[in-house]
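Asks:
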Ligand code: PLP
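Residue numbers (full-length UniProt numbering): 4 to 292.
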């Protein structure tokens, strides 16, 4: 594979950045995870918008326009002849001195990696996932806002580690007040009496692009969908639960903290939304010529 680094395409084995990059030293930077389906980059504009918003929030000037970024992503896919890909865009503060002050960093590093997509096991979708709440709470929005997709994912990593230690694949994170937030790298939805609820992002969740599509799909399908805070109890007594994310799409959840959810198998509303979502991946996005 060829990796895009600051306008150049270099072989994977030579795709390196300096140890003085503040992204490496301090987690100072931002990223995006994007997916292409059959040469169609799903929601590319939305991902680029979020990338530039993350950058703005941390006072990082991406040294190219959103249009140029779009072209660079498309070219990376073309050069690698990838139709079904996972694309990682990284913009770090760049190389600088030791010390936190980003003013020593002259130029941000822009990196685009595109790889063949490694999809989750089919079993996740057919049988559903077991998940658990974990001790580490999600970052609070006025500290490092989870809406910023920053290179500082230690909060999410600790949460993921705790899920693994609990013997499950994914965690459900809680706010400091005990409201349900999201997964370690995905958003969460519950279904109760035919209505869908997802936590509002002001609680401290990433505004997932897949999440936004699901909200929109629900509107089109006439399924009531609200953004509202809820607790662990609401999760335990939900009829259905599913997680959403770019790589995962929608994954049904069948058990939380040893409580069986609904009938312990992927539910009808979840399945309906997955089917609708997969239709969208064919029609929505940016074609790679
Ligand atoms: N929450 C977090 C913390 C994430 O890192 C991600 C992945 O990007 C998501 C949710 C899902 O967002 P999206 O649907 O945009 O991939």
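C-beta atoms are modelled at their ideal positions from N, C-alpha and C, and glycine is treated no differently.
CB residue 282 to CB residue 43, shorter than 8 Å?
Replies: The answer is no: Cβ separation not under 8 Å.
Asks: Distance check for residue 216 and residue 253, CA to CA, integer angstroms please.
Replies: Taking the straight line joining both Cα atoms gives about 11 Å.
Asks: Between the Cα of residue 5 and the Cα atoms of 127, 117 and 156, which residue gives the shortest distance?
Replies: With distances taken between Cα atoms, residue 5 lies closest to 117.
Asks: Just to confirm my understanding: we take residue 96, look at its own chain, exclude 5 residues before and 5 after, and list those with CB closer than 7 Å. What are they?
Replies: Excluding positions up to five away in sequence, the list reads 25, 26, 31, 32, 63, 105, 108 and 111.
Asks: Should the region 70-82 be regarded as contacting the region 235-250, the criterion being three or more beta carbon pairs within less than 8 Å?
Replies: Short answer: they don't touch.
Asks: For the region 202-219 against the region 146-158, do three or more pairs of beta-carbon atoms, one drawn from each stretch, fall closer than 8 Å, so that the two count as touching?
Replies: Taking 8 Å as the limit for Cβ pairs, the verdict is that the region 146-158 does touch the region 202-219.
Asks: Nearest to residue 181 by alpha carbon, out of 92, 70 and 136?
Replies: It is 136.
Asks: Can the beta-carbon of residue 51 be found closer than 8 Å to that of residue 90?
Replies: Cβ atoms of residue 51 and residue 90: not closer than 8 Å.
Asks: Give the range of the beta strand (DSSP E) segment to which residue 132 is assigned.
Replies: Residues 132-136.
Asks: Tell me which residue opens and which closes the alpha helix (DSSP H) that residue 239 is part of.
Replies: It spans 235-239 - the alpha helix (DSSP H) in which residue 239 sits, taken as one unbroken run.
Asks: Smallest Cα separation from residue 92: which of 175, 53 and 35?
Replies: Answer by Cα proximity: 35.
Asks: Identify every run of the beta strand (DSSP E) within the region 48-129, keeping only runs that are complete inside it and at least 3 residues long; order them along the chain.
Replies: If we require 3 residues or more, the beta strand (DSSP E) runs fully inside the region 48-129 come out as 88-95 and 112-119.
Asks: Residue 36 bridges to which residues according to DSSP?
Replies: According to DSSP, which records beta bridges pairwise, residue 36 is partnered with 91.
Asks: Within the present structure, is the beta-carbon of residue 24 separated from the nearest heavy atom of the ligand PLP by less than 7 Å?
Replies: Outside the cutoff, so no.
Asks: Exposed or buried, which one is residue 202 when buried takes at least 16 other CB atoms within 10 Å?
Replies: The residue in question, residue 202, is buried, as its Cβ has 16 or more Cβ neighbours within 10 Å.
Asks: Pick from 251, 267, 285 and 230: whose alpha carbon is nearest that of residue 125?
Replies: If we check each option's Cα against that of residue 125, 251 comes out closest.
Asks: Assign residue 69 to buried or exposed, taking buried as 16 or more other Cβ atoms, counted over all protein chains shown, within 10 Å of its Cβ.
Replies: Looking at its Cβ environment, which holds fewer than 16 other Cβ atoms inside 10 Å, residue 69 is exposed.
Asks: Could you tell me the alpha carbon to alpha carbon distance between residue 200 and residue 255, rounded to whole angstroms?
Replies: The straight-line gap from Cα to Cα measures roughly 15 Å.
Asks: Any idea what DSSP makes of residue 247, helix, strand or coil?
Replies: Strand.
Asks: Just the C-alpha distance for residue 9 and residue 114, rounded to the nearest angstrom, thanks.
Replies: Rounded to the nearest angstrom, the two C-alpha atoms are 6 Å apart.
Asks: DSSP on residue 22, reduced to helix/strand/coil?
Replies: Three-state DSSP puts residue 22 in coil, outside helix and strand.
Asks: Can you tell me the Cα-Cα spacing of residue 233 and residue 189, whole angstroms?
Replies: Rounded to the nearest angstrom, the two C-alpha atoms are 17 Å apart.
Asks: Based on DSSP bridge pairs, tell me the residues matched to residue 153.
Replies: Note: residue 153 sits in a beta bridge opposite 33.
Asks: Could you work out which residue in 11, 22, 28 and 132 is closest to residue 154 when comparing CA atoms only?
Replies: Nearest of 11, 22, 28 and 132 to residue 154, Cα basis: 28.
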